[in-house]
Structure formats: C-alpha cells, structure tokens
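Residue numbers (my numbering), protein chains in the order written: chain P, 1 to 155; chain X, 156 to 310; chain D, 311 to 465. From the three backbone atoms N, C-alpha and C, an ideal C-beta is built for every residue, glycine too. Quick caveat: nothing in here was measured; it's all calculated off a predicted structure. Below is one structure, written out as structure tokens; the observations come after it.
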Amino acid sequence: MDSLSLQDPLFATYAIAASLMILKAVGMSWLTVVRMMQAKGGFRSPEDLRKTPLNPEPNAKQLEPDERVERIRRIHLNDLENLPFFLAAGFLYVLTSPPLLLAQVLLYGYVVSRFLHFAAYLSARTHDTRATLWTVGSLIIVFMTCRVLVAALIQ
Amino acid sequence: MDSLSLQDPLFATYAIAASLMILKAVGMSWLTVVRMMQAKGGFRSPEDLRKTPLNPEPNAKQLEPDERVERIRRIHLNDLENLPFFLAAGFLYVLTSPPLLLAQVLLYGYVVSRFLHFAAYLSARTHDTRATLWTVGSLIIVFMTCRVLVAALIQ
Amino acid sequence: MDSLSLQDPLFATYAIAASLMILKAVGMSWLTVVRMMQAKGGFRSPEDLRKTPLNPEPNAKQLEPDERVERIRRIHLNDLENLPFFLAAGFLYVLTSPPLLLAQVLLYGYVVSRFLHFAAYLSARTHDTRATLWTVGSLIIVFMTCRVLVAALIQ
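If you want it as structure tokens, here you go:
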C-alpha cells in the first residue's frame, strides 16, 4: 500500500479499528468520571476536597480508594499498556500490504478481544477468562509487529 | 490529503500540535526528575537508596511518597491517558481532508486545553476547573475520531 | 520523504526501531505474567483470589505487592511514559527527510538505550546508571521532535 487513503479498503479497515480503540480508551476516562460521581469519592488530589458546585459536601473519605473506581482505573491502565502499541503496530502492518481478509481478521479480531476483555474485567469474571482474552489481543500485536519487522529487514 | 508532507499546511498543523504534545509529555518526566532532586526523595525503587554521586546521603524516607513529586506523576498519568490517543486521532483526522481552519481550531485548541490543564493541575486549582479543561480536550479527541470513523465507514 | 514504503531505507529504519520497541513494551506485559506465576502472587483484582485452573490454591496474600512483580510494573510504566512518544516522534522525524545515517544513529541509538535501561532496571543497578540511560533516550526524542517542529513551522 502506498497511499494513506480512507478510500483504500485496507487502510479504512485500520482506521475503523483504530477509531474504535481510541474511543474505547477515552471512554475509560469518562467511565472513571461517572463512577467517581456515583461514589462521590475515589478522588486522588488534595484539592478535590474543596467545596465546589461539583462537590458541594466534601469530606476526607473522598480521597480513599473506591473499588468501583479503582476497577475502571485498572482496566484503563491495561488499555494504556496495550492500545498505543496496537495503534502503531496496526498502522505499520497495513503498510506491508497484507491480504485484506487477513488484515480484517487481525484488526477487527483485536477490537473484539478488547471489548470482551473489558466486559470480563468490568463484571469481575475470573482471572483465567480475562487473561485468555488479553492473550488473544497481545498475540495479534506480536504477529503484526513481527510481520512488519521481517518486511522492513528484507526490504 | 494524499501525501504526508510537512509542506502541506494541514499536515504541518498536525505536526506542530503533535510535536508540542510530545514535548509536553516528555517534559513531565523531566519535571518529575527536577522535583525529586529538590525534595531529595519521592523515589520508588529500593536501589535508589544506595549512596551515589546523585544521592550522597541516602535515607529510608526517600522512598516515601512526596506530594510535590506525586502531583507531577498524576499530571503525567493524565497525559498518558490522553496524549497517545490525541496523536493517533489527530493523524487520522487530517487524512479526512478537513477544512484547514477547522483542523487548526481543533488541533491547536487541544494543545491550548492541555497546557491550561497542566497549569490548573500544577497550581492545585479546584477539581471543577481541571475537569472543565480536560473535558474540552477529550471532546476534541472524540469529535475527530468520530469523523474518521464515519469517513472510513462510508468510503 | 513522500511515500511510506518499507522499501525506503529511511522508513524501513523507523519501522525496524518501532517494531523492536513495540515488542519490548508488549514483552513487559508477558514478563509481568511470568513473574506473577513464579511468585503465585502480586495480583491486583479481588476476583484473582477465586479458585481457577491457573490459581488452584488461592490465598489473601496473593493481593499483596510482590517486589519482583512490582519491579517489572515500574519498568513497564517507564515504557508507557516514553515509547508511545518515541513512536510518534520517530515517525514524524523520518518525514523531515533526515540523512539516513543520522536517522539510523538516532533511531537505533534509542532502541539500544532502552534495552540497556531495561537491563539496568531489571538488575537493580544504581539510580545513576538507570537515569543516564533514560536521559540518552529522552534527549533523542526531544531532538527529533524539535526538528519536526522547526520543519513544520518554516514550511
């Protein structure tokens, strides 16, 4: 692939998968906000205990960790450990001109694995379920990256 | 836009905004270093208590959290949650060939929102101020990403 | 450089460096898994104490921090603070059409600095060693980013 055109089915596949993952990551920030407002707590900065329109009745307990908020923070951290590298790996991978079907399986497969990982983590499924879903996504990143590495080395 | 040329005003706009955000993120690492040296503490690894030229008088309290250092770490984490996704979203967004003025408003607007967010967080303004500035930036990412998604889906 | 071709030596240099850094970051996740399995602990979520095939004998101590696991998490966080910005900065930098040799020194130099940083952190060398290696990489990112900024501003 030579041009980065959203009219190109291969690049469009990447753009769709990347967009969904960006929205997913940003969504974790918003979900943290929602849960902090529900819990009226789980804050982290001393100044968050000041009386403001959004926090009319501050008290010291608001700085203690709240498990419902911490759960989203853990999911978010897992995204930070994975999604930026997926975004870069997927971009370089489509530049190797892979077959469209294979690219769709890998890129959309990654998206599905991450949404399932989110569902499993949010609903506190067992570690084994969560780990399996993470593993699928991680192996997709590794596969795409190795493909890029080989293509660049044998140029 | 078909070519990724820094001579293209649209891509140059992205490159300027992206560069400023990269320098901002890297700057947080340096600011953490500066504050750890000022506080002579806020370290995290056991080996940081060894006597070295940079730490001539180690003591166990250096591993305790130091609020001035932790504040920068919180700002940095907020950058990690936002900037990589801005970098990816902005890149894909300019590929949709948006009007130059709109792209400038969004991309430079994001940069301004993040520098103001930094100022508000560093000076411990109320949560409401910080949250408002973060929201502006987050909505810009969401808008650009949705635009990319639509463009890729209706190719 | 106008085309993003892996046949282009400049872009191939970026692709190789970027691939190695992506694999490095993903490798930290896997190393965390390995060390959690060795320690049979260092977990973070309450549900990780459920009895499963991967955790046949759960006990409450498994949620306590384990230094061998935490060390990898600190290295991983350092990657998250650096690698996404290297990936973006390096990409934009090769678009400024730098001399191939300079690009190789900077991009491969960064890769080497990060692998040495990993070795120094893993083996708990002094803070000074680790800081020196981190500084080399950080200055490479700053240099490349400033070059992009200048190129985009004087378009």
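Spatial neighbours of L20/P in its own chain (CB-CB distance under 7 Å, excluding positions within 5 residues in sequence) are listed in chain order as V111.
By the Cβ rule, the region 413 to 433 of chain D does not count as touching the region 361 to 380 of chain D, because fewer than three pairs are nearer than 8 Å.
Here N369/D carries a coil assignment [DSSP, helix/strand/coil]. Scanning L178/X, R229/X, V305/X for the CA closest to the CA of A399/D turns up L178/X.
Not flagged as an interface residue toward chain P: Q372/D, since no C-beta distance is shorter than 8 Å. At a Cβ-Cβ threshold of 8 Å, L161/X and A462/D count as neighbours. Chain-order list of chain D residues neighbouring N210/X: H437, by C-beta distance under 7 Å. Closer than 7 Å at the C-beta level to chain D, one finds these residues of the region 228 to 255 of chain X: H231, L235, P239, L242. A direct Cα-Cα distance of roughly 14 Å separates I451/D from Q414/D.
A direct Cα-Cα distance of roughly 30 Å separates L359/D from A60/P.
Chain order gives the chain D residues near A124/P as S355, P356, E357, where near means a beta carbon separation below 8 Å. In this structure, S184/X and R384/D do not form a Cβ contact; the two beta carbons are roughly 14 Å apart against a cut-off of 8 Å.
For S313/D, the closest C-alpha among the options I326/D, L341/D, A328/D, L405/D is that of L405/D. Near chain P, meaning a CB-to-CB distance below 7 Å, the residues of the region 329 to 351 of chain D are S329, I332, L333, A335, V336, S339. Within the same chain, and ignoring the five residues on either side of F143/P in sequence, the residues whose Cβ sits closer than 8 Å to its Cβ are L106. With respect to the 8 Å criterion, E391/D and L235/X are classified as neighbours on the basis of their beta carbons.
Not one beta carbon of chain X lies nearer than 8 Å to the beta carbon of L417/D. Against chain P, the CB of T300/X has a partner CB under 8 Å away; the residue lies at that interface. With 16 or more other Cβ atoms inside 10 Å of its own Cβ, A322/D counts as buried. As the crow flies, the alpha-carbon of T284/X is around 13 Å from that of F270/X. Every alpha helix (DSSP H) stretch that sits fully inside the region 317 to 353 of chain D and reaches 4 residues is listed by chain position as 319 to 349. Non-local beta-carbon contacts of A17/P in its own chain, meaning distances under 7 Å to residues more than five positions away in sequence, involve G90, L107, Y108, Y110, V111 in chain order. A direct Cα-to-Cα measurement between L288/X and R302/X gives close to 22 Å. Boundaries of the alpha helix (DSSP H) harbouring D128/P: 127 to 153, taken from the DSSP string. DSSP places R68/P inside the alpha helix (DSSP H), whose first and last residues are 67 to 94. Taking a beta-carbon distance threshold of 8 Å, Q7/P counts as an interface residue toward chain X. When V188/X, L218/X, L304/X are compared, the shortest CA-CA separation from Y248/X is found for L304/X. The beta-carbon separation of R35/P and G42/P, rounded to 7 Å, stays under the 8 Å limit for a contact. Looking only at K51/P, F118/P, L102/P, the smallest Cα-Cα distance to L10/P is reached by L102/P. By the 16-neighbour rule on beta-carbons within 10 angstroms, L209/X is exposed. Using beta-carbon distances, R205/X counts as an interface residue toward chain D, with a partner under 8 Å. At a C-beta separation below 8 Å, I141/P has these neighbours in chain D: I332, V336. Excluding its 5 nearest sequence neighbours in each direction, A325/D has C-beta neighbours in its own chain below 8 Å: L316, listed in chain order.
Comparing alpha-carbon positions, the option among P58/P, T52/P, L31/P lying closest to T281/X turns out to be T52/P.
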